[in-house]
Amino acid sequence: MRRGGGRAKAVLVAVALTLTSACTGEPASRGPALDPSDTTRSPAAVPQVSAAPLPSDAAPPATAPRPGPPAGVVVDYQLGGGYAPPAGIGGVVRDVTDTPAPGLWSGCYVNGFQTQPDARDTWLGQHPDLVLQDAAGDPVVDPGWPDELLLDTSTAAKRAAIAEVVGAQVTACAQRGFDAVELDNLDSWTRSDGRLTMDGALDLAARLVIVGHAAGLAVGQKNAPELGARGRDEAGFDFAVAEECRRYDECAAYTDVYGAAVIDVEYDVDAWTPACADPRQPVSTILRDVELRTPEDDGYVLRTC
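As numbered in mature numbering (1 follows the signal peptide of the UniProt record, and there is no 0), residues -24 to -1, 1 to 281 make up the sequence shown, in order.
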């Protein structure tokens, strides 16, 4: 579960990109980055999922791991908007609608297991069967983020369909020139009142990892320390992005699996301060403001060890 601001200010024009997915059968290309300010480019021009859809009754095949963030690199979490990283920063994570940081390792944020706020009506209109419903037939919302709906990962057929839709954003990360993608809300099953399972989440994750690897991306596990090694061994994740693992004493759950390939984002200064003196802490441990503001905004915070 995202305990911090996550992506409160992330640009959401990726809605059309996500919900117009279609399998083209063409190989993915690490083409030039797209300019988000270019309003002449229609969302349909963004390359869609390149991998053929997986059979709904088949387990996803294994794929070779891609490298995560380089060892020793400190990664800034810029979901509220990209900006020139300060000295000492060797990588960034930005929204799928943003562009990579020139010359730095760049990860791409995709909401893999819930709907983006501006996409709610589009999902309900175009893919209502892929949105989780309660006993009354109403969409199940994330109680911490009530403008987001949980996607229904309860069956293999639905997971395959979700992978086609969300996979378009994963492929777009590669088309924009990113090195990696992180899949948010992997732990949505914990907010489903028992309607979803960890196994279903892992299966969808594995399908999206296949898309990411086929596009040349490393794919990151976002939170969900409960997975242990299953995220790496069953879904195929290459690295991890952990929010507040120091505060909740969870960092070892990630470093035991991914070693140095862990990005920790803390939002509480009392948790962050002692982290820098702890040799067990991931090298990439930063303190950010919970809204993930940019430097020109009041309340912007970025501290590194």
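Using N, Cα and C, we set each Cβ at its ideal position, and we do this for glycine too.
* Would DSSP call A98 helix, strand or coil? -> Strictly speaking, residue 98 in this sequence is Thr, with Ala absent from that position. In this structure, T98 counts as helix in the three-state DSSP scheme.
* To do: Going by DSSP, name the residue or residues bridged to L263.
  => DSSP links L263 through a beta bridge to E242 and R279.
* Verify whether the separation of the beta carbon atoms of P93 and R167 is less than 9 angstroms. => No, Cβ-Cβ distance for P93 and R167 is not below 9 angstroms.
* Across which residues does DSSP place Q197 in a beta bridge pair? -> Q197 is bridged to L159 and A216.
* **Three-pair Cβ contact test at 8 angstroms for the segment 110 to 130 versus the segment 171 to 186** => Output reads yes: the segment 171 to 186 touches the segment 110 to 130.
* Would you kindly check if the distance between the Cβ of L203 and the Cβ of A88 is under 9 angstroms? => Per the sequence presented here, residue 88 reads as Gly, with Ala not at that position. Contact: no.
* Asked: Three or more C-beta pairs closer than 8 angstroms, one from the segment 143 to 155 and one from the segment 105 to 116: is that the case here?
  -> These segments do not touch.
* Going straight from the alpha carbon of T147 to that of V195, what length do you get? -> Spanning the two alpha carbons is a distance of roughly 12 angstroms.
* Counting along the chain, where does the beta strand (DSSP E) carrying G143 start and finish? -> For G143, there is no enclosing beta strand (DSSP E); the residue is found in the alpha helix (DSSP H) stretching over A132 to Q151.
* Taking the alpha-carbon positions, what's the H112 to T98 distance? -> Reading off the sequence shown, one finds Ala at residue 112, where the question assumed His. Rounded to the nearest angstrom, the two C-alpha atoms are 21 angstroms apart.
* To do: Flag this pair as touching only if the segment 244 to 252 and the segment 215 to 233 have three or more C-beta atom pairs under 8 angstroms; answer yes or no.
  => Contact annotation: the segment 244 to 252 touches the segment 215 to 233, with at least three C-beta pairs closer than 8 angstroms.
* So what does DSSP say about E124, is it helix, strand or coil? -> If DSSP states are grouped into helix, strand and coil, E124 belongs with the strands.
* Between the Cα of L263 and the Cα atoms of G275, Y230 and Y243, which residue gives the shortest distance? -> For L263, the nearest C-alpha among the options comes from Y243.
* Asked: Just the Cα atoms here: how many angstroms apart are W81 and V266?
  -> If you take the alpha carbons of W81 and V266, they lie about 23 angstroms apart.
* So, Q90 versus D160, is the Cβ gap smaller than 9 angstroms? -> Yes, Cβ-Cβ distance for Q90 and D160 is below 9 angstroms.
* Euclidean distance between Cα positions of S193 and D155 -> According to the sequence displayed, residue 193 carries Leu and not Ser. Roughly 5 angstroms separates the two Cα atoms.
* Asked: Given L100, which residues of its chain have a CB within under 8 angstroms of its CB, disregarding the five upstream and five downstream residues?
  -> If the five residues before and after L100 are omitted, its C-beta is found closer than 8 angstroms to the C-beta atoms of V107, P115 and L125, all from its own chain and listed in chain order.
* To do: Using the DSSP secondary-structure output, state which residues sit across from C84 in a beta bridge.
  => Per the DSSP secondary-structure output, C84 pairs in a beta bridge with R70 and V157.
* **Under 9 angstroms between C-beta atoms of R70 and A63** => No, Cβ-Cβ distance for R70 and A63 is not below 9 angstroms.
* To do: Please list, in chain order, all residues of the same chain as T280 whose beta carbon is under 6 angstroms from its beta carbon, the five residues on each side excluded.
  => Cβ neighbours of T280 beyond the five flanking positions: V50, G64 and I262.
* Asked: Closest by CA to G188, which one among A205, G176 and Y85?
  -> The shortest Cα separation from G188 among A205, G176 and Y85 belongs to Y85.
* Asked: Which whole-angstrom value describes the C-beta separation of P201 and A229, a residue pair presumed to lie in contact below a C-beta threshold of 8 angstroms?
  -> Rounded to whole angstroms, the Cβ separation of P201 and A229 is 4 angstroms, and the two are in contact under 8 angstroms.
* Asked: Can you give the Cα-Cα distance for V277 and D240, rounded to whole angstroms?
  -> C-alpha separation (whole angstroms): 15 angstroms.
* Do R135 and R206 come within 9 angstroms of each other at the CB atom, strictly closer than that value? -> Taking 9 angstroms as the cut-off, the beta carbon of R206 is found no closer than this to the beta carbon of R135.
* To do: Please go through the same chain and pick out, in chain order, the residues whose beta-carbon is closer than 7 angstroms to the beta-carbon of V142, but skip the five residues on each side of it.
  => Answer for V142: T(-7), V86, G88 and L184, listed in chain order.
* Asked: Closest by CA to A177, which one among A211, T73 and P122?
  -> Considering only alpha carbons, the answer is A211.
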